[in-house]
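Worksheet: the structure to be examined is printed underneath.
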Amino acid sequence: MVSIYLWKYLEAIHINLRFLGGCGEVGRSAILIDDNVLLDYGMKPAEPPLYPVGGVRPDSVIISHGHLDHCGVVPNLMDIKPDIFMTPVTKDLASLLARDTMKIARAKGQVLPFIIEDVRDFELHTYSIDYGTGFDASGYEGMLYDAGHIPGSSSIYLENKSGSLLYTGDIDTRDTNLLGPAENLPVADIAIVESTYFGTEHTVRSKLERDFIDSIKETVDGGGWAIIPAFAIGRTQEVVMILEKYGIRPYVDGMGVDVYKLLKKHPSYLKDPGRLDKAFKDAFRVDPRGRSRIMDEPCVIVTTAGMLSGGPVLYYLRHIHDDPRSKILLTGYQVEGTNGRMALERGYYENRGRSVQISAQIELYDFSAHSADSSLKELVTQQVDGGCQLVVCVHGDNTEGFASWISQNLEVNAVSPVNGDQIYI
C-alpha cells in the first residue's frame, strides 16, 4: 500500500480516496471516499474469487451498475446497514447476481461471501435512484448519469464544500442496438476514469456486425455449430437483437434469458424495448433438458458465460471442442486468467480441473460496451478543459499508460493507483 499526498498541488480540494480494487486490473472495483462513501463493491471471478482488499464500514454505498465486478459483494456489507444508492435496474440485477453467486459458491464448495438474509437486507436498504435525480450520500450531493454501458449503468457525480468528484464507472459513448450512448457528464475537480480500452480502437460497428453474421452463416452452412458465449447482462440481449436484425433465429441458454425478463420491467432504460421483445420472441429458449436435443444438427447458440468461466457454455464446449467445423465466437473482453483468454491465446480451456484442447475455430468479435481509446481521451480532455485538476485511471490492464498519456498531453495531474493505495488531497 502506498499513500500519495497531492494536497500541495491541487487547489481548494479536500477529498481522500482509498482504492480497494479494480486498479491495474478489470475486476473487484471498489473506491472509498473520505472513509464513509463507497463507490462500487465488486468481485473478480477466479478460483477462488477475488474480493476488494481491506475492510470497510461505509455509511453510504453507490453502485455504478449491475455487473459482478462492480456490485458482486455489496450484500456482504449489510451487517452495518449502510444507505445504498443505484438505479432501479441495477438494484434488480444486483439481487439476481447475488443469488446466483451463492448458488455457484455452494456448487463449488466455496465459502459464501454472504447469506440470503444479507441479500434480503440489501433489497430493503437500497434506494432506487433514476438518472438526474439528486440524493444525499453522507454529506455529498449525488447525481447519476446514463453511462451507456448496460441498462441502468451510471456515472456518479458527487459534490460538497470540499470539492467535486466524477466516477465514470464503465462507460460507452456509442449507440448500440440495446442502448443509446452515454450522456454528457459534468466537469469535476477529480475524475476517476475507466481505462479498459486505452490504446485500442473498436471496429466500426456496422462492419463488425456483418463480419459476425457472415462467420456464423459460414459455420452452420459448413456443418458446424456456432457457439456464441455472451455475458448475461447486456451482451446476450445485444447479440440476440443483432441476430434478429439479420434474420437468424438462435437458441438462447443461460441467465441471459432471466435478465431479459427483468429488463422488460424497466422499458424506460432501454433504447427500443419493442425490438428487444421481438428478438427474444423470435429466438428459441433452451432449458437444461433440451440441450442435448439441439445438438442433433448444426445451429446457432447464444449462451452464458461470456468468458467461458462456467454456465451452460461448458456443456456445449464438451460437444464441439474437437470439431474443426464448429466455431466459438467470443463477443467481449476476456479478462486475464479466464477460460476465454486462455482459449484465445493458448487454444485450450479448463473444466473440472483438467485442460481441454480446442480444435474448433475461435474468433473474437469486439461487441464491447466500453469506450475505445479515442473516446476515453476525448472524455478526459473535456474534463481537463473544464477545470478538472486530477485524473485517476482505474479498471484496465494499462492504467499506468493512460495516466502517463494524460500527464504528458493534457498537462494535468494524473495517477494510476494500485489496490490498497490511498490518495490524500
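Start counting at 1 in the sequence shown, then tack on 26, and there's your number in the working numbering. Yeah, the Cβ is synthetic: ideal placement off N, Cα and C, and Gly gets one too. Every value quoted in this text rests on a predicted model; they were computed, and no experiment measured them.
- Using a Cβ distance threshold of 9 angstroms, L416 and I141 do not count as a contacting pair.
- Rounded to whole angstroms, the gap between the alpha carbons of I130 and G316 is 22 angstroms.
- Excluding residues up to 5 positions away in sequence, A214, D215 lie with their Cβ nearer than 6 angstroms to the Cβ of S190 in the same chain.
- Partner residues in a beta bridge of K187, as assigned by DSSP, do not exist.
- If you look at C97, you'll find it in the alpha helix (DSSP H) that goes 94 to 97.
- For N377, no alpha helix (DSSP H) run applies; the uninterrupted beta strand (DSSP E) run containing it begins and ends at 374 to 377, by DSSP.
- Under the 8 angstroms Cβ criterion, the segment 253 to 264 counts as touching the segment 319 to 331, having at least three qualifying pairs.
- Assignment of S385 by DSSP, reduced to helix, strand and coil, places it in the coil class.
- Each residue's CA atom was taken as its position, placing V137 and R236 some 44 angstroms apart.
- Nearest to D423 by alpha-carbon distance, out of G47, N42, I41, is G47.
- Here the C-alpha atom of H91 lies approximately 20 angstroms from the C-alpha atom of E185.
- About 23 angstroms separates the Cβ atoms of S385 and G358, ruling out a contact at the 8 angstroms cut-off.
- Nearest C-alpha to A72 among S442, E437, L334: L334.
- In the DSSP assignment, T329 forms a beta bridge with P255, D279.
- The beta carbon of Q409 sits closer than 6 angstroms to those of V213, A217, all from its chain and outside the five residues before and after it, given in chain order.
- Per the DSSP secondary-structure output, S154 pairs in a beta bridge with M112.
- Around the C-beta of I106, fewer than 16 other C-beta atoms lie within 10 Å, and the residue is accordingly described as exposed.
- Per DSSP, the beta bridge partners of F310 are Y277.
- DSSP, read as helix, strand or coil, puts F45 in strand.
- With contact defined as three or more Cβ pairs closer than 8 angstroms, the segment 285 to 297 and the segment 111 to 121 are in contact.
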